[in-house]
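Numbering (this note's numbering), first residue to last: 4 to 244.
Structure first, commentary second.
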Ligand code: GLP
């Protein structure tokens, strides 16, 4: 595990974007696992900036996103598909047919998850997986208590995750209660894992996840066992370690 301390959010975003662009430069046809949430938005903005300057090219890159709300169609403003278009894909040259997000509009959970695992397998696995972290230690939507050995599956979101994500919806009632998420097994099989974390509200969980026991109660703690895991955090998120 490697921990990189950044001064602030902007610095964190820049350092994370640097690692992603290095990956793309070293292997132009790489597979990037991408994440949503507020934390990586600055990382995407920095990559867009470098793309506009001609410093990084995504034309051969394949992407697989971590998760999607079950029941939201792609064009719903709060779907992760929409988020990714708005914050990244709409501004860079990733080819549309190489963009993959679990199909939240497919009500058949088993089929949606099976198809997504097949996609990840067929693209040859993930070279670099970008992650944020939930305040309860979830990664993707792998909530506390789930088995580490799962592939893509359907999850019931915890009350704390529904609370945390309600800020994006008009009301708490509108937050979907379920999601399709890549499992921990798939995340652990990524050749490199990069987590971004910022803000004082992440400090406790960062300490627990990376300096506490490895346990399904803190899903991110398994990353302690990953052979190439990098955490880039700002001062506030890393304040307790
Ligand atoms: C959601 C996403 C996660 C993300 C988490 C934290 O639950 N499914 O992938 O890491 O939120 O989000 P934020 O970065 O906004 O704190």
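Don't be surprised by glycine CBs; every beta carbon is placed ideally from N, CA and C.
Only a predicted model underlies this, so the values are computations on that prediction, with no experimental measurement involved.
For a test of your reading of the model: does the CB of residue i fall under 7 Å from any non-hydrogen atom of the ligand GLP? Yes or no.
i           : result
residue 136 : yes
residue 159 : no
residue 164 : yes
residue 115 : no
residue 155 : no
residue 120 : no
residue 38  : yes
residue 215 : no
residue 91  : no
What does residue i pair with, by DSSP beta-bridge criteria?
i           : result
residue 132 : 36 and 196
residue 235 : 7 and 199
residue 145 : 142
Would you say residue i and residue j are within 8 Å of each other, going by their C-beta atoms?
i           : j           : result
residue 23  : residue 133 : yes
residue 122 : residue 67  : yes
residue 214 : residue 190 : no
residue 72  : residue 45  : no
residue 50  : residue 95  : yes
In three-state DSSP terms, what is residue i?
i           : result
residue 168 : helix
residue 86  : helix
residue 14  : helix
residue 71  : strand
residue 2   : Residue 2 cannot be examined here, being either before or after the span of the chain that is shown, 4 to 244.
residue 225 : helix
Residue i and residue j look like a contact to me (Cβ under 8 Å); what is the Cβ gap, rounded to whole Å?
i           : j           : result
residue 158 : residue 171 : Residue 158 to residue 171, Cβ: 18 Å. No contact.
residue 203 : residue 239 : 4 Å
When you measure from the CB of residue i to every non-hydrogen atom of the ligand ZN, does any distance come out below 7 Å?
i           : result
residue 141 : Absence of the ligand ZN from the depicted structure is noted, with the ligand GLP being the only ligands included.
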